[in-house]
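Trainee: I'd like to ask some things about the structure below.
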Amino acid sequence: MIGVTVLGSTGSIGASTLGVLSRHPQRFRVVALTANRDLDGLYRQCLAHRPAYAVMSDPTSAAELARRLERQVPQIRVLAGSEALEQVAALDEVDYVMAAIVGAAGLLPALAAVRAGKRLLLANKEALVVSGRLFIETAERCGASILPIDSEHNALFQCMPPALPSGLDGAGVRRILLTASGGPFRTWPAERLAEVTPEQACAHPNWDMGRKISVDSATMMNKGLEVIEACWLFHTVPERVDVVLHPQSVIHSMVEYADGSVLAQLGNPDMRTPIAHALAWPDRIESGVPSLDLFAVARLDFERPDPERFPCLALSYEAIRRAGDSPAVLSAANEVAVEAFLEGRLGFTGIPAVIEQTLARLAPGAANTLDEVLAADREARALARAIIAESTANRHSC
Ligand code: NAD
Ligand code: MG
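Using the working numbering, the final residue of the sequence shown is 493, and nothing's skipped along the way.
Structure, rendered in structure tokens:
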């Protein structure tokens, strides 16, 4: 039996992961489930999946969860706080860790899994974006394998040769074609974007996802973070990663080889496919995803992204070219700006503006050590918050 910890089990990826795991009870055993503060959600999951451990970051919620479980399943150990997340990511009885916490909050537990040499199923792209080289080098040193869950990177992994010992050139790969749906505002004129509401931004045309990644898809910051993610996962440079708008979300990404061949992975837009792929690799298992109906899809369209309407994409290319702590600053400023947007404190077009100003006002630094990464994250958050507060104060004084 393969022991699995699901970090962020109450979220969209977490729930899909448990859906796939529960189809294969002879193969997988759920060792630990974790949530931030969704008490009811984690309680229900504990009753259904009977993990050995349940972790809640919020101590008050953890105490209430322990009280409720005491009566029903007293054998589940309930732990609280961020250190407990690291603990359940590194347990001996755990073989695979699904990293499905959203944002940089997932970095330390994902790194703990990597340090313990686990198979890491990486959905939490921000963890890799903020710590880049440190994350990849730690995985190599500790013998951890990283299997991408992000649908695009999972598609690339499936289309790539089995090993990339000397980067893309050694494998005969010319470039990576990262597909993007374009989000809900792909065809909207620039002047309407300022009025976008959180509800509109979270209504993705093809994917059902958490609120943060839904807003990232709407600004195309999600694709920017994915360009950075692809550079680290496939040992390449941003010049070799091209973004192609593909509104049907049927081709999940493509790899172009030196001989002109282009390999693509296709499927319904359902995260259970990449999750099942990474859980079973190199085997294949049932995921619950229905067959792709190509007659219903009928056509596949491709467009160039518009850098004017989606400045987050260009900001991401700039951040990964600058390297050092710039991707960490970009991602932290984005997290703060998205939160402010969702809370109604910042307009939709304010998101790229805050990120751009944060990158411009912070002197670039190194991000070779965990301390440097965490310091960059802290500084960028503080500055982004100050920039949002300044813009609110200016709006009110006019
Ligand atoms: P979500 O918001 O639905 O779920 C997030 C999970 O993380 C929840 O279980 C929540 O309790 C937990 N969490 C949130 N903040 C936390 C904190 N501070 N400490 C500990 N736990 C915390 O998000 P999601 O859509 O499932 O996305 C999760 C990750 O996967 C993100 O990094 C996202 O970019 C990536 N991803 C998601 C999808 C998708 O289809 N949803 C696709 C590709 C990649
Ligand atoms: Mg993706």
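C-beta atoms are modelled at their ideal positions from N, C-alpha and C, and glycine is treated no differently.
Could you tell me whether the Cβ atoms of L524 and I231 are closer together than 9 Å?
Mentor: Only positions 96 to 493 of the chain appear in this structure, which leaves residue 524 out of reach.
Trainee: Are there any heavy atoms of the ligand MG lying less than 8 Å away from the beta-carbon of D365, as far as the coordinates show?
Mentor: no
Trainee: So who's on the other strand from P243, going by DSSP bridges?
Mentor: L217
Trainee: For R132, which residues in the same chain have their Cβ closer than 6 Å to its Cβ, ignoring the five residues on either side in sequence?
Mentor: D153 and S156
Trainee: Pull up the distance between the alpha-carbon of E286 and that of P406, whole angstroms please.
Mentor: 14 Å
Trainee: Since F436 is in the alpha helix (DSSP H), which residue starts that stretch and which ends it?
Mentor: Boundaries of the alpha helix (DSSP H) harbouring F436: S421 to L437, taken from the DSSP string.
Trainee: Buried or exposed: which applies to V338, given that a residue is buried once 16 or more other Cβ atoms fall within 10 Å of its Cβ?
Mentor: buried
Trainee: Give the secondary structure of I346 by DSSP, where H, G and I count as helix, E and B as strand, and everything else as coil.
Mentor: I346: strand per DSSP, three-state reduction.
Trainee: Among the residues of its own chain, which have a CB less than 6 Å from the CB of D420, if the five just before and after it don't count?
Mentor: The answer, listed in chain order, is G460, A462 and A471.
Trainee: Taking only runs of the alpha helix (DSSP H) that begin and end inside the stretch 365-395, which ones reach a length of at least 4 residues, in chain order?
Mentor: 367-375 and 389-392
Trainee: Which of helix, strand or coil does DSSP assign to G460?
Mentor: coil
Trainee: H66 and V125 look like a contact to me (Cβ under 8 Å); what is the Cβ gap, rounded to whole Å?
Mentor: Any property of residue 66 remains undetermined from this structure, which presents the chain solely from 96 to 493.
Trainee: Three Cβ pairs or more, each shorter than 8 Å: is that satisfied between the stretch 439-453 and the stretch 296-315?
Mentor: Enough Cβ pairs lie closer than 8 Å, so yes.
Trainee: Leaving out the 5 sequence neighbours to the left and right, which residues in its chain are closer than 7 Å to S111 when beta-carbon positions are compared?
Mentor: M366, R367 and I370
Trainee: Would T292 be called buried (16 or more neighbouring beta carbons within 10 Å of its own) or exposed?
Mentor: exposed
Trainee: Going by the beta-carbon positions, is the gap between I450 and N429 smaller than 9 Å?
Mentor: yes
Trainee: Count the other CB atoms within 10 Å of the CB of M96; is the residue buried (16 or more) or exposed (fewer)?
Mentor: exposed
Trainee: Within this structure, are the beta carbons of G362 and V336 separated by less than 9 Å?
Mentor: The answer is no: Cβ separation not under 9 Å.
Trainee: What's the gap between the Cα of G238 and the Cα of Y138?
Mentor: 34 Å
Trainee: For the ligand MG, enumerate in chain order all residues having a CB closer than 6 Å to any of its heavy atoms.
Mentor: D245, S246, E247 and E321
Trainee: List the residues that DSSP assigns as beta-bridge partners of Q360.
Mentor: S348
Trainee: Tell me which residue opens and which closes the alpha helix (DSSP H) that V168 is part of.
Mentor: Element bounds for V168: n/a, residue is neither H nor E.
Trainee: Identify whether G98 lies in helix, strand or coil by the three-state DSSP scheme.
Mentor: strand
Trainee: Should G265 go down as buried or exposed, given a rule of 16 or more other Cβ atoms within 10 Å for buried?
Mentor: Exposed, by the Cβ-count rule.
Trainee: Hey, how far is the Cα of K213 from the Cα of M193?
Mentor: Looking at the two C-alpha atoms, the distance is approximately 10 Å.
Trainee: Using the C-alpha atoms, what's the distance from V99 back to A208?
Mentor: Just so you know, the alpha carbons of A208 and V99 end up roughly 11 Å apart.
Trainee: Start and end of the alpha helix (DSSP H) containing A207?
Mentor: L202 to R210
Trainee: On the DSSP bridge assignment, give the partners of T274 in chain order.
Mentor: V339
Trainee: Could you give the first and the last residue of the continuous alpha helix (DSSP H) run that contains V126?
Mentor: Run containing V126: none in the alpha helix (DSSP H); it sits in the beta strand (DSSP E), F123 to A130.
Trainee: Could you check which residue in A289, A161 and P257 has the C-alpha nearest to that of F436?
Mentor: Among A289, A161 and P257, the Cα nearest to that of F436 belongs to A289.
Trainee: From the DSSP output, which residues share a beta bridge with L174?
Mentor: V150
Trainee: On the DSSP bridge assignment, give the partners of E324 in chain order.
Mentor: Paired residues: none, contrary to the question.
Trainee: Closer than 8 Å: is that where the CB of L102 sits relative to any heavy atom of the ligand NAD?
Mentor: yes
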